[in-house]
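Note that the numbering used here has the sequence shown beginning at 85, numbered continuously upward.
See structure below.
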Amino acid sequence: MSLAKFVPAPKAAQDSARFVQTYLLDKSAREFFLQERMKDVVALAKQGNWSEASKEFREQTGADIKMSVFAAQIAAIV
Numbered sequence: 085m086s087l088a089k090f091v092p093a094p095k096a097a098q099d100s101a102r103f104v105q106t107y108l109l110d111k112s113a114r115e116f117f118l119q120e121r122m123k124d125v126v127a128l129a130k131q132g133n134w135s136e137a138s139k140e141f142r143e144q145t146g147a148d149i150k151m152s153v154f155a156a157q158i159a160a161i162v
């Protein structure tokens with residue numbers, strides 16, 4: 085008997101899967117963050133300013149806070 089029948093996937097895993105589905109389904113993370121509109125997100129994230137990178141991502145995409153925090157963390161490493 086599978087544990088998945090009784091316990092759903094952890095919320096963080098569901099949220100990260102939703103981020104991939106929304107923003108990365110048809111391109112790599114590198115391709116996504118190389119877009120012109122993401123240059124400030126990447127610059128802020130690489131400076132370690134995840135909160136401002138997150139805010140900029142929300143302004144560019146209309147994403148919610150949770151998705152924008154994922155984006156800031158990913159942008160820092162691409």
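We put the CB at the ideal spot given by N, CA and C, even for glycine.
Span separating the alpha-carbon of residue 144 from that of residue 91 = For the purposes of this step, residue 144 is taken as the residue at position 60 of the sequence shown. For the purposes of this step, residue 91 is taken as the residue at position 7 of the sequence shown. Each residue's Cα considered, the two are about 35 Å apart.
So, helix, strand or coil for residue 150, using DSSP?
-> As a first step, residue 150 must be located in the sequence shown, where it is residue number 66. Helix.
Determine, using beta-carbon pairs with one atom in the segment 124-139 and one in the segment 99-112, whether at least three such pairs fall under 8 Å.
-> Segments in contact, no.
Which residues mark the beginning and the end of the alpha helix (DSSP H) in which residue 162 is found?
-> Along the sequence shown, read from residue 1 onward, the residue named residue 162 stands at position 78. For residue 162, there is no enclosing alpha helix (DSSP H), as DSSP gives it neither H nor E.
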